[in-house]
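Visitor: Residue numbers for the sequence shown follow UniProt numbering, beginning at 1 and rising by one.
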Amino acid sequence: GRPLKLYVFASEVSIGSLLVQNNKEGKEQAVYYLSRTLTEVERKYSAIERLCLALYFTTIKLRHYMLPFTTYIIANTDLI
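1) State the start and end residues of the unbroken beta strand (DSSP E) segment that holds R50.
2) Among the residues of its own chain, which have a CB less than 8 Å from the CB of T70, if the five just before and after it don't count?
3) Rounded to the nearest angstrom, how far is the Cβ of T58 from that of S11, given a contact under 8 Å?
4) What does the alpha-carbon distance come out to for the pair K24 and L62?
5) Taking N22 as the reference, give the member of Y72, E42, L51 with the closest Cα.
6) On the three-state DSSP scale, how would you describe K27?
7) For a test of the three-state rule: what should DSSP assign to R36, helix, strand or coil?
Below is the structure:
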């Protein structure tokens, strides 16, 4: 099958992700959206820790979607 792309996002108050797959025309089509707000303790995490949390949260929830496919992780961040 066609590979998946996982876009992960982490802000100061929430994390989220979007799982997409290219359709036959080559355009990205959403497969699944996930998001949640951060707890008070999680809001104290550094930017990279929040991004890792977003990736962990997503892989736990969407494991069954991603296991059969190659999945590319895309995170738009300027942590450095």
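Just so it is clear, CB atoms sit at the ideal spot from N, CA and C, and this is done for glycine as well.
Guide: Well, looking at it:
1) It is not in any beta strand (DSSP E) - R50 instead sits in the alpha helix (DSSP H) that spans 47-66.
2) P3, L4
3) That pair is no contact at about 15 Å.
4) 23 Å
5) Y72
6) coil
7) strand
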